[in-house]
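Down below is the structure, laid out as structure tokens.
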Amino acid sequence: MKEVISLHIGQAGAGIGNSFWELLSHEHSIDQKGFKSAEKEEDENEQNDFFEKMFLKNEEGRFRPRAIFIDLDSDAINEIRTGPLENLYGGENFLSGKSDTGGNFALGKSTNQQNFVDSCVDRIKAEVEKCENFDGFLIFNSVGGGTGSGLTSLISEKLA
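Just add 1104 to wherever you are in the sequence shown, counting from 1, and you've got the numbering used here.
Set out below in structure tokens:
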């Protein structure tokens, strides 16, 4: 099975990502704490393929999305971290900085973000190492400027 990691970058990426995981969890009967409920019966092989690709299952039987949320401004990340799905995600996969780009691509991609980008890349690498057969990334971000586009561009360069 090939695993996919989703990267949710910037306010738009984080918001879209939270909605994405909420819907995906609901459609596959995973509760807000990450446990599979028995209310929906699926083909066992299809179910296992999907869950191994998109979720990491721990020894307690809890499913955690293979997702990392990144933003230079902590507001959007804190909203998700304390929202209804706070127990679904792994707390180590929320990365936020202390500045805002104000919708400016150049600020999102600036070298002033180098330490933050290095910690993001380290977290992404740690998540990749948990995969047995890593396939790629799903990247959720805005393209209009700021963190979503600038920081995504910088992180993509580092990952390449």
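In this text, a Cβ means the ideal position worked out from N, Cα and C, and glycines have one as well.
For clarity, every value in this text was computed on a predicted model and none was experimentally measured.
Excluding the 5 residues preceding and the 5 following Cys1235 in the sequence, name in chain order all residues of the same chain whose CB lies nearer than 8 Å to its CB.
-> Here the set comprises Glu1107, Ile1109 and Arg1170.
Selection from Asn1245, Ala1230, Asp1179 and Asp1135 that minimises the alpha carbon distance to Gly1201 = Checking every option, the nearest Cα to that of Gly1201 belongs to Asp1179.
Between Thr1125 and the rest of its own chain, which residues show a CB-CB distance below 6 Å, the 5 nearest in sequence each way excluded?
-> In the sequence under discussion, the amino acid at residue 1125 is Trp, which differs from the Thr named in the question. The answer, listed in chain order, is Pro1169.
From the DSSP output, read off the bridge partner residues of Phe1139.
-> Partner(s): Arg1166.
Nearest-angstrom Cα separation, counted from Thr1205 out to Asp1175 | The alpha-carbon of Asp1175 is positioned some 10 Å away from that of Thr1205.
If you check the beta carbons only, do Gly1250 and Asn1219 fall under 8 Å apart?
-> Against a cut-off of 8 Å, the Cβ pair of Asn1219 and Gly1250 comes out as no contact.
Cα-Cα separation, Phe1167 to Asn1197 | Answer to the nearest angstrom: the Cα atoms are 14 Å apart.
My understanding is that Lys1262 touches Val1232, with C-beta atoms under 8 Å, so please give their C-beta distance in whole angstroms.
-> Not confirmed; about 13 Å, so no contact.
Pick from Gly1165, Gly1254 and Ile1113 that is closest to Asp1135, judged by C-alpha positions = When Gly1165, Gly1254 and Ile1113 are compared, the shortest CA-CA separation from Asp1135 is found for Gly1165.
Length-filtered (4 minimum) alpha helix (DSSP H) runs lying within the region 1162-1207 | Within the region 1162-1207, the complete alpha helix (DSSP H) runs of at least 4 residues are 1178-1185.
Looking at Gly1252 and Gly1138, is the spacing between their C-beta atoms short of 8 Å?
-> No, these two residues do not count as a Cβ contact at 8 Å.
Own chain, CB closer than 7 Å to Leu1189, minus 5 neighbours either side, in chain order | Here Leu1189 has Asn1122, Trp1125, Glu1126 and Gln1136 as same chain residues with Cβ atoms under 7 Å from its own Cβ, once five neighbours each way along the sequence are excluded.
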